Amino acid sequence: MYCGKHGILEEREKLTASRLTRFRSNLKKRMVAISASCNWEKGRRDRVAWSSSLDQSSIYGSAAGRPIGIISAKRLHAKPQQAELKVIEELCIAPKDYQLHASANIQRARAGYARGLLLGDDPGNGKRLPAMIECVRLRRQADRFSAVVVPASCIDQWSEEFRKFFKPNTVKVRVIRDATIPPQTIVRSDVVIVSYGFMMYQYRKQIAYLRQVGKWEKKREGETPTRPMLSILSEVFLDGVHGLTVVFDECNAIKNRNSLTHAAAVYFWSHFEACLLLTGSPIDNTWDDPFGLYQVMEGHQIRNFQQFRKVFGVPDDKYK
Numbered sequence: 001m002y003c004g005k006h007g008i009l010e011e012r013e014k015l016t017a018s019r020l021t022r023f024r025s026n027l028k029k030r031m032v033a034i035s036a037s038c039n040w041e042k043g044r045r046d047r048v049a050w051s052s053s054l055d056q057s058s059i060y061g062s063a064a065g066r067p068i069g070i071i072s073a074k075r076l077h078a079k080p081q082q083a084e085l086k087v088i089e090e091l092c093i094a095p096k097d098y099q100l101h102a103s104a105n106i107q108r109a110r111a112g113y114a115r116g117l118l119l120g121d122d123p124g125n126g127k128r129l130p131a132m133i134e135c136v137r138l139r140r141q142a143d144r145f146s147a148v149v150v151p152a153s154c155i156d157q158w159s160e161e162f163r164k165f166f167k168p169n170t171v172k173v174r175v176i177r178d179a180t181i182p183p184q185t186i187v188r189s190d191v192v193i194v195s196y197g198f199m200m201y202q203y204r205k206q207i208a209y210l211r212q213v214g215k216w217e218k219k220r221e222g223e224t225p226t227r228p229m230l231s232i233l234s235e236v237f238l239d240g241v242h243g244l245t246v247v248f249d250e251c252n253a254i255k256n257r258n259s260l261t262h263a264a265a266v267y268f269w270s271h272f273e274a275c276l277l278l279t280g281s282p283i284d285n286t287w288d289d290p291f292g293l294y295q296v297m298e299g300h301q302i303r304n305f306q307q308f309r310k311v312f313g314v315p316d317d318k319y320k
């Protein structure tokens with residue numbers, strides 16, 4: 001996690017028991033990211049290892065089967081070098097220093113074990129611009145698109161800011177509200193903007209189709225189910241035509257790990273190479289809210305709430 005303007009960064013190697021205690025007690029007040037590697041044996045936790053192996057210049061396989069480069073946590077959290085603070089030529093405004101620093105950290109995290117990060121800062125400090133830069137930065141050499149998922153009320157605002165922040169006719173931005181738009185049209189865009197509601201609508205259609213196929217395979221009677229018309233969740237994007245970056249704005253919308261929105265976000269993220277989560281309040285209601293957010297990210301082994309509770313909980317917690 002990179003906390004924009006205020007630069008609140010925690011290196012995993014430096015986390016001590018006393019700081020973990022403060023982390024538990026002040027979790028709602030601080031915007032901190034913790035990444036843990038857990039060693040599990042026979043269904044129980046033997047120990048928690050704060051991984052220091054990330055300094056190796058090795059390659060790990062990602063959950064999606066695509067190789068990812070490993071960078072050290074120390075390098076990820078280091079102050080960006082001047083060469084990393086480049087302004088892309090498509091911009092028509094001058095980013096602030098902390099926005100350039102955020103952009104540099106996004107680029108580092110993209111090449112790392114998590115393939116993305118959570119960008120948190122107070123509302124109004126300009127979190128969107130570093131995310132926009134990342135969506136536009138690689139579009140030419142890759143000839144693929146990025147996606148931004150936002151609340152329906154923010155679609156026009158995002159579209160207008162792309163128009164305002166970038167030079168005319170340099171970035172092709174398409175707002176998708178129509179499920180009949182074919183994937184061939186989507187790939188000709190640089191950035192597509194969709195609402196959480198539209199993403200969930202597409203996901204429901206996909207799940208309903210898979211259930212119909214499952215029932216049909218049991219009996220092998222009647223007509224085979226008809227594949228639904230899907231745009232942003234087309235199987236084309238799972239067969240090697242991965243998008244570049246998916247951005248989830250106001251990502252508290254996906255923090256509930258048991259919700260359909262969360263499931264749809266995880267599935268949609270599998271269509272892309274990197275993921276950014278944007279929020280002005282990463283911890284909203286309870287101390288375990290970060291668990292749901294970080295299930296969207298890769299690069300860690302805490303994949304169920306029991307593991308999370310054993311790592312970050314204390315004996316007198318009621319886990320409510």
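UniProt numbering numbers the first residue of the sequence shown as 1 and each following residue consecutively. The beta carbon of each residue, even a glycine, is placed where N, CA and C say it ideally should be. The model shown is predicted, which means the values in this text are computed figures rather than measured ones.
* Asked: Expressed to the nearest angstrom, what Euclidean distance is found between the alpha-carbon atoms of T226 and D178?
  -> When rounded, the distance between both Cα atoms is 19 Å.
* Please list the segments of the alpha helix (DSSP H) lying wholly inside the segment 239-275, counting only runs of 4 or more residues, in order along the chain. => For secondary structure counted as the alpha helix (DSSP H) over 4 or more consecutive residues, the segment 239-275 holds these complete runs in sequence order: 260-269.
* **Simplified DSSP assignment, three categories, for T279** => Here T279 sits in strand by DSSP.
* **At least 3 beta-carbon pairs within less than 8 Å: the segment 200-211 vs the segment 146-153** => In short, these stretches do not touch, since the Cβ pair count stays below three.
* Determine the DSSP secondary structure at P168, reduced to helix, strand or coil. => P168 carries a coil assignment under DSSP once its states are collapsed to helix, strand and coil.
* **Start and end residues, alpha helix (DSSP H) containing S103** => The continuous alpha helix (DSSP H) containing S103 extends over residues 97-110.
* **L210 beta carbon near the ligand MG (any heavy atom closer than 7 Å)** => Absence of the ligand MG from the depicted structure is noted, as is the absence of any ligand whatsoever, leaving it without description.
* Specify the secondary structure class of A152 as computed by DSSP and reduced to three states. => When DSSP states are grouped into helix, strand and coil, A152 belongs to the helix group.
* To do: State the CB to CB distance for the pair I254 and T245, rounded to an integer number of angstroms; the pair is presumed to be in contact (CB under 8 Å).
  => The beta carbons of I254 and T245 sit about 16 Å from each other, so the pair does not count as a contact at 8 Å.
* Asked: With burial defined as no fewer than 16 other Cβ atoms inside 10 Å of the residue's Cβ, what is the status of A274: buried or exposed?
  -> With 16 or more other Cβ atoms within 10 Å, it is buried.
* Buried versus exposed, by CB contacts within 10 Å (16 or more), N304 -> By the neighbour-count rule (16 or more Cβ atoms within 10 Å), N304 is not buried but exposed.
* Could you give the DSSP three-state label for A147: helix, strand or coil? => Strand.
* **Nearest-angstrom Cβ-Cβ length linking P183 and G280, presumed shorter than 8 Å** => Not confirmed; about 33 Å, so no contact.
* Asked: Can you tell which of R220, Y267, L293, E250 has its C-alpha closest to the C-alpha of N256?
  -> Considering only alpha carbons, the answer is L293.
* Status (buried if at least 16 other CB within 10 Å, exposed otherwise) for D289 -> With 16 or more other Cβ atoms within 10 Å, it is buried.
* Expressed to the nearest angstrom, what Euclidean distance is found between the alpha-carbon atoms of L210 and T286? -> If I take the Cα positions, the gap works out to 34 Å.
* When DSSP labels each residue in this structure, what does G197 get in the three-state scheme? -> Here G197 carries a helix assignment [DSSP, helix/strand/coil].
* Asked: Going by beta carbon distance, what residues of the same chain come within less than 8 Å of V171, once the five residues before and after it are set aside?
  -> Shown here for V171: same chain residues with a beta carbon closer than 8 Å to its own, the five before and five after excluded, namely E90, V136, R139, F162, D190, V191 in chain order.
* To do: Note down, in chain order, each residue of its chain lying with its Cβ closer than 6 Å to the Cβ of A264, except the 5 sequence neighbours on either side.
  => If you ignore the 5 residues before and after A264, its C-beta comes within less than 6 Å of the C-beta of M199, M200, Y203, all in its own chain and listed in chain order.
* To do: For G299, name the three-state secondary structure that DSSP assigns.
  => Coil.
* To do: Report the three-state DSSP secondary structure of V175 (helix, strand or coil).
  => Under the three-state reduction of DSSP, V175 is assigned to strand.
* What is the rounded straight-line gap between the Cα of A63 and the Cα of K86? -> Unreliable placement is indicated for A63, whose pLDDT of 32 sits below 50; the coordinate value is still reported in the next sentence. Cα-Cα distance, rounded: 31 Å.
* To do: Classify L138 as helix, strand or coil using the three-state DSSP reduction.
  => Coil.
* Asked: Looking at the C-beta of A109, does it have a partner C-beta in chain B at a distance below 8 Å?
  -> As a matter of chain content, chain B is missing from the structure shown, which is built from one protein chain.
* Asked: DSSP puts V192 in a beta bridge; with which residues?
  -> Under DSSP, V192 forms a beta bridge with A147, R174.
* Asked: To the nearest angstrom, how far is it from the Cα of S103 to the Cα of M229?
  -> Cα to Cα, S103 sits roughly 36 Å from M229.
* **Assumed close pair G126, G299 - CB separation to whole angstroms, cut-off 8 Å** => About 26 Å; that fails the 8 Å criterion.
* Is it right to say E223 is buried, meaning 16 or more other beta carbons lie within 10 angstroms of its own, or is it exposed? -> The residue is exposed, with fewer than 16 neighbouring Cβ atoms inside 10 Å.
* **Span separating the alpha-carbon of R220 from that of I232** => When the Cα atoms are used, R220 and I232 turn out to be separated by approximately 30 Å.
* Identified DSSP bridge partners for G116 -> Looking at the DSSP output, G116 bridges to C275.
* Asked: Given a threshold of 16 other Cβ atoms within 10 Å of its Cβ, counted over all protein chains shown, does F312 qualify as buried or as exposed?
  -> Under a 10 Å Cβ-count criterion, F312 is classified as buried, with 16 or more other Cβ atoms of the shown protein chains found around its own Cβ.
* To do: Tell me whether L91 sits in a helix, a strand or coil according to DSSP, three-state version.
  => Strand.
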